[in-house]
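Colleague:
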Amino acid sequence: MSIVKFDNVSRIYTSGDHELRALDKVSFTLDEGKFVVILGPSGAGKSTLLNLLGGLDSPSEGTITVSGKDISKLTDNELADYRASTVGFVFQFYNLIPTLTVYENVKLVSEISKDALEAKAMIGKVGLLDHLNNFPSELSGGEQQRISIARALCKNPRILLCDEPTGALDSETGVMVLKLLLDMAKNYGKTIVIVTHNQNIAKMADVVIRVKNGKIRSVEEQENPLSADEVEW
Amino acid sequence: MLLRKLLRTSWSYKAQFFSMIIMMTLGIGIFLGFNMEWKTIEYDVCGFFEDTKYADYRLYSETGFTKDDFNKIMSIKGVDAATRYLSVNLEIKGKSKKSLALDVSENYTVSTFTVISGEEYDEKGDGIWISDKFARLNDISIGDNLTLEFQGMDYEFEVVGLIKSGEHMICLADSNQVMPDFNTFGFAYISPAKLRTVIKEKAVKTVSDELRKAGLSEDVAKSQAATAVTDEMLDRATDEVFVQINLRSGMEKTKLEDAVKKKLGKMLMVVSKEDDTVYKEAMGEATEGKAMGSILPVLFLAIAILTMVTTMHRIATKEKTQIGILKALGFKNRTILLHYSFYGLFIGIVGSALGAVLGYFVCKAVMSENGMMGTYFDMPDWSAATPAFCYPVIAGTVLLLALISFLSVRAQLRGTAADALRPYTPKKMKKSILEKLPFFGKMNFATKWNLRDLMRHKSRFAMTLVGIIGCMVLMVGGLGMRDTMSGFLDLLDNGVSHYHIEYRSVIDRVGYDISTVQVQDR
């Protein structure tokens, strides 16, 4: 069953007379519960695509439908509600609030999400119960990304959006975080969309969308995706 | 959770936060302090004047006022209360260079006093009520006897009360004295009955002396003089002593002058309270305070607000990523704006609260018995009154700080959540007008860089400039004021007053040429 539908979506940035088409008439659909990798080089438009799907940005043209709802015409407040309830984000540089503790960072989302899960339980799932009262600056990069995953899942979103989640980590920690991310998403039945330029991650995906110069080059469904342990990193 | 974030973020920007709180405290403190000062002067002084029934007008007649004159003045429509009044400076016997202004208010409805300790006023009382401050500085207590020298005779009075009086709130011996000195000069009141006793003693002594000169023995002269001085003589002498009528009236000065002329058939000198030294000086202090309260504090507040604008903008740009994170997580713009506006509100509330405390102490440093005005004003109550307009100004300032935070953050929230998540990017640079000038190319690299930075941050540059101008104004103004005052005093002492000794002669009102001479040795 399709959860996401992009229909002729373009995102055009203008600066004076100059016009930049970051995404150009992109169309695709995603099924619920799938692990999707959006693959492409820097500047291909993959982060723009993720931002549009996450309600962080609005398309210049076309429609984006998520769970049957057109999000391309939502107001600022409606988009905020969409971000609070439907999508969870995992960023490359974690984007934790430095002045809140681990527990508070995760708990923070329960202030805006109606279906939020128990913060402490989520921290337990990512194995950081011993660090509840630590500030992000007291954690390693991998630990911070795990907290970021706990925060994203705590909102209990339908879709988990990850922008280069392992981009700032060494390969060993990256694999560990990736495994955790996939396990957690599978356990909680979430659709995961990961934006990356790492070809290896694509080997694990159910669907691989290749993006270049703002256009979709291909949408491939993989019959037998590899597990994290099977991929040569 | 966001409240915790607010407190921790405030702590992480502690240098900026404390400097903003200090600026706000100083701004509000100075603003409130100066404005409280003049308002307190008005409030306390006017209250004291009202309590002691300070006269609205003073009428002077060289030949004195008879009871008939007094009744005619009382009959003027618009005169609420009046009294025949006497105020004369007398030396204290046995105390070198100590003197008092001795006052008598025939009707205790105008120009009265407040008893600090001792007996309440009694119009038939035999004692003397003296200034409590003068008494304290000269070790005089209730029950002590004071001997005053009046027209060649000594009179002894028992101190029955210690008082303060509106008429002598600024207690100056004469117009040449700049500051009160209760060590050497005070004031006192006696009852009209006691005045009559004094006049009678004086009259008997004068007549007795004349009779002795005519050849009578001392005993005979004394007994004959005692019978020779009649009530009519005393009434006449009393009429001549009361050279002043103090009255309370809401009439205009010219109308009162006309009415007095019509009633008494002669033109008299009428002095309104606005022209009386005590009232004029006190209100002058309030006016001065108002002027100070509308210039200096506004400058301080302006500097505080400008600091807030630049600092909040800097904090908002530093916080841009966090603002973006909150937005990306699903927090609505209004929640984020409210959260960050609270930073300004927090600084405003804390700064205002501390400023209110500072303002109170600034006011008290000026307006208290031991403060600066304590050496000038002598009054019983020293409160701390706040002008009503200060409350909306403080509330407005606090709201303005919140608004500054609001606007700074709103600028970062503009656009999509993705825009908010991007790090702050400085605005695009264009070549400034300076760079088009021919000498620009000849400047060294560092100077060019500095000039470009100044042109790039025009508002910050302007605010800093205004701040420095403000500080310089305060510094030059403050130091200039001191130099001006010392120059003024020098001019007064050496340029205007070309004398060393001033003589004053008081004419014997009982009809004999016996004079006392007051000598001021400068």
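Chains as they are written, first to last, in this note's numbering: chain A, 793 to 1025; chain B, 671 to 1192. Idealized CB from N, CA, C, for every residue including glycine.
To the nearest angstrom, how far is it from the Cα of B/Glu819 to the Cα of B/Gly764?
Modeller: Working through the second sequence from its first residue, we reach residue 819 of chain B at position 149. Working through the second sequence from its first residue, we reach residue 764 of chain B at position 94. The straight-line gap from Cα to Cα measures roughly 10 Å.
Colleague: Would you tell me roughly how many angstroms separate the C-alpha atoms of B/Arg754 and B/Asp738, rounded to the nearest one?
Modeller: On the second sequence, position 84 is the one that residue 754 of chain B refers to. On the second sequence, position 68 is the one that residue 738 of chain B refers to. Approximately 11 Å, taken between the alpha carbons.
Colleague: So, with DSSP's three-state summary, where would you put B/Ser1185?
Modeller: Within the second sequence, the letter at position 515 stands for residue 1185 of chain B. Residue confidence is low: B/Ser1185 scores 37 on pLDDT, short of 50, so the model does not pin down where it sits. Its coordinate-derived value is still stated next. If DSSP states are grouped into helix, strand and coil, B/Ser1185 belongs with coil.
Colleague: Once the 5 residues before and after A/Pro957 are set aside, which same chain residues still bring their CB inside 6 Å of it?
Modeller: Locating residue 957 of chain A in the first sequence gives position 165, counting from the first residue. Cβ within range, chain order: Val882.
Colleague: Check the DSSP bridge columns for A/Cys954 and list the partner residues they point to.
Modeller: Along the first sequence, one-based indexing puts residue 954 of chain A at 162. Paired residues: A/Val882 and A/Ile986.
Colleague: Spell out whether any CB of chain A is found under 7 Å from the CB atom of B/Leu1008.
Modeller: Along the second sequence, one-based indexing puts residue 1008 of chain B at 338. No, because no Cβ of chain A sits closer than 7 Å to the Cβ of B/Leu1008.
Colleague: How about the region 855-874 of chain B and the region 903-916 of chain B: do they share at least three Cβ pairs that are nearer than 8 Å?
Modeller: The region 855-874 of chain B is in contact with the region 903-916 of chain B.
Colleague: Quick check on the burial criterion: 16 or more other C-beta atoms within 10 angstroms. Buried or exposed for B/Gly885?
Modeller: As a position in the second sequence, residue 885 of chain B is number 215, starting the count at 1. It is exposed - the Cβ of B/Gly885 has fewer than 16 other Cβ atoms within 10 Å.
Colleague: Rounded to whole angstroms, how far is the Cβ of B/Ala1090 from the Cβ of B/Gln1082, which I believe are closer than 8 Å?
Modeller: Numbered from 1 along the second sequence, position 420 holds the residue referred to as residue 1090 of chain B. Numbered from 1 along the second sequence, position 412 holds the residue referred to as residue 1082 of chain B. Yes, B/Ala1090 and B/Gln1082 are in contact; Cβ-Cβ is about 6 Å, under 8 Å.
Colleague: How about B/Ile915 and B/Ala771: are their beta carbons less than 7 Å apart?
Modeller: Sequence index remark: in the second sequence, residue 915 of chain B carries index 245 (1-based). Sequence index remark: in the second sequence, residue 771 of chain B carries index 101 (1-based). No, Cβ-Cβ distance for B/Ile915 and B/Ala771 is not below 7 Å.
Colleague: In whole angstroms, what separates the C-alpha of B/Gly1181 from that of B/Gly717?
Modeller: By one-based count along the second sequence, residue 1181 of chain B stands at place 511. By one-based count along the second sequence, residue 717 of chain B stands at place 47. Bear in mind that the predicted position of B/Gly1181 carries a pLDDT of just 45, short of 50, making it too unreliable to give a figure here.
Colleague: Under 7 Å, do A/Ser802 and A/Leu815 count as touching if we go by C-beta distance?
Modeller: For the purposes of this step, residue 802 of chain A is identified with residue 10 of the first sequence, where counting begins at 1. For the purposes of this step, residue 815 of chain A is identified with residue 23 of the first sequence, where counting begins at 1. Yes, the Cβ-Cβ distance between A/Ser802 and A/Leu815 is below 7 Å.
Colleague: In the structure shown, what three-state DSSP assignment does B/Asp1191 receive?
Modeller: Counted from its first residue, the second sequence places residue 1191 of chain B at position 521. Because B/Asp1191 sits at a pLDDT of 38, beneath the cut-off of 50, its placement in the model cannot be relied upon, and the point is left open.
Colleague: Does the Cβ of B/Met1042 have 16 or more other Cβ atoms within 10 Å, making it buried, or fewer, making it exposed?
Modeller: Here residue 1042 of chain B corresponds to residue number 372 of the second sequence, with the count starting at 1. Counting Cβ neighbours within 10 Å, B/Met1042 comes out exposed, since fewer than 16 surround it.
Colleague: Taking the runs of the alpha helix (DSSP H) that are 4 residues or longer, which of them lie wholly in the region 913-948 of chain A?
Modeller: You should have 933-946.
Colleague: Could you give the residue range of the beta strand (DSSP E) that holds A/Asp816?
Modeller: Within the first sequence, numbered from 1, the residue matching residue 816 of chain A stands at position 24. Counting along the chain, the beta strand (DSSP E) containing A/Asp816 begins and ends at His810 to Asp823.
Colleague: So, helix, strand or coil for B/Gly681, using DSSP?
Modeller: Residue 681 of chain B sits at position 11 when you count from the first residue of the second sequence. Residue identity check: residue 681 of chain B is Trp in the sequence provided, not Gly. The answer is helix: DSSP assigns B/Trp681 an H, G or I state.
Colleague: Quick check: the region 671-685 of chain B against the region 1042-1052 of chain B, are at least 3 beta-carbon pairs closer than 8 Å?
Modeller: The answer is no - the region 671-685 of chain B does not touch the region 1042-1052 of chain B, with fewer than three Cβ pairs under 8 Å.
Colleague: For B/Thr695, which residues of its own chain have a beta-carbon under 7 Å away from its beta-carbon, when the five flanking residues on both sides are left out?
Modeller: Reading the second sequence from its first residue, position 25 is the one you call residue 695 of chain B. Excluding residues within five positions, the ones whose Cβ falls inside 7 Å are Gly1021, Leu1024, Gly1025 and Leu1028.
Colleague: Along the chain, where does the beta strand (DSSP E) containing A/Lys1007 start, and where does it finish?
Modeller: Against the first sequence, residue 1007 of chain A aligns to sequence position 215. Element bounds for A/Lys1007: Lys1007 to Glu1013.
Colleague: Just the C-alpha distance for A/Lys899 and A/Val969, rounded to the nearest angstrom, thanks.
Modeller: Taking the first residue of the first sequence as position 1, residue 899 of chain A is located at position 107. Taking the first residue of the first sequence as position 1, residue 969 of chain A is located at position 177. For A/Lys899 and A/Val969, the distance between alpha carbons rounds to 21 Å.
Colleague: Judging by CA-CA distance, which residue of B/Ser757, B/Leu832, B/Val930 and B/Leu807 is the nearest neighbour of B/Tyr791?
Modeller: On the second sequence, residue 791 of chain B is found 121 positions in, with the first residue counted as 1. With distances taken between Cα atoms, B/Tyr791 lies closest to B/Leu832.
Colleague: Should A/Ser905 be labelled buried (16 or more other beta-carbon atoms within 10 Å of its own) or exposed?
Modeller: Sequence index remark: in the first sequence, residue 905 of chain A carries index 113 (1-based). A/Ser905 comes out buried.
Colleague: Would you tell me roughly how many angstroms separate the C-alpha atoms of A/Ala960 and A/Pro1017, rounded to the nearest one?
Modeller: As a first step, residue 960 of chain A must be located in the first sequence, where it is residue number 168. As a first step, residue 1017 of chain A must be located in the first sequence, where it is residue number 225. The straight-line gap from Cα to Cα measures roughly 24 Å.
Colleague: In chain B, what lies closer than 7 Å to A/Asn869 by C-beta?
Modeller: As a working mapping, residue 869 of chain A is identified with position 77 in the first sequence. Chain B residues near A/Asn869: Lys1002.
Colleague: Could you tell me whether the Cβ atoms of A/Val1003 and A/Gly832 are closer together than 7 Å?
Modeller: Taking the first sequence and counting its residues from 1, one reaches residue 1003 of chain A at position 211. Taking the first sequence and counting its residues from 1, one reaches residue 832 of chain A at position 40. Contact flag set, yes.
Colleague: Is the region 855-863 of chain B in contact with the region 793-809 of chain B, if contact means three or more CB pairs nearer than 8 Å?
Modeller: The region 855-863 of chain B is in contact with the region 793-809 of chain B.
Colleague: Please classify B/Asp844: is it buried, with 16 or more other beta-carbons within 10 angstroms of its beta-carbon, or exposed?
Modeller: By 1-based counting over the second sequence, the position of residue 844 of chain B is 174. That one is exposed.
Colleague: Buried or exposed for B/Asp726, going by 16 or more other Cβ atoms inside 10 Å?
Modeller: Sequence index remark: in the second sequence, residue 726 of chain B carries index 56 (1-based). Label assigned to B/Asp726: buried.
Colleague: If you run the structure through DSSP and keep just helix, strand and coil, what is B/Lys767?
Modeller: Residue mapping note: residue 767 of chain B aligns to position 97 of the second sequence, counting from 1. Coil.
Colleague: Among residues of its own chain, excluding the 5 on either side of B/Asn705, which ones have a beta-carbon nearer than 6 Å to its beta-carbon?
Modeller: Counting from 1 along the second sequence, the entry for residue 705 of chain B is found at position 35. Correct list, in chain order: Gly963, Pro1057 and Cys1060.
Colleague: Which residue wins for smallest C-alpha separation from A/Glu1012, given the options A/Ser834, A/Val879 and A/Lys826?
Modeller: Here residue 1012 of chain A corresponds to residue number 220 of the first sequence, with the count starting at 1. Out of A/Ser834, A/Val879 and A/Lys826, A/Lys826 has the C-alpha closest to the C-alpha of A/Glu1012.
Colleague: Closest to B/Met839 by CA distance: which of B/Met1113, B/Thr947, B/Ile973 and B/Lys709 is it?
Modeller: Residue 839 of chain B sits at position 169 when you count from the first residue of the second sequence. Of the listed residues, the one whose Cα sits closest to B/Met839 is B/Thr947.
Colleague: Short of 6 Å in beta carbon distance, which residues of its chain neighbour B/Ser878, apart from the five on each side in sequence? Order them along the chain.
Modeller: As a first step, residue 878 of chain B must be located in the second sequence, where it is residue number 208. Answer for B/Ser878: Ala891, Lys892 and Ala895, listed in chain order.
Colleague: Compute the distance between the beta-carbons of A/Pro949 and A/Thr878, then report whether it is under 7 Å.
Modeller: In the first sequence, counting from the first residue as 1, residue 949 of chain A sits at position 157. In the first sequence, counting from the first residue as 1, residue 878 of chain A sits at position 86. Taking 7 Å as the Cβ cut-off, A/Pro949 and A/Thr878 qualify as a contacting pair.
Colleague: Let's see if you can read the secondary structure: which residues bound the beta strand (DSSP E) around A/Ile1028?
Modeller: The structure shown does not extend to residue 1028 of chain A, since chain A is modelled only from 793 to 1025, so the question has no answer here.
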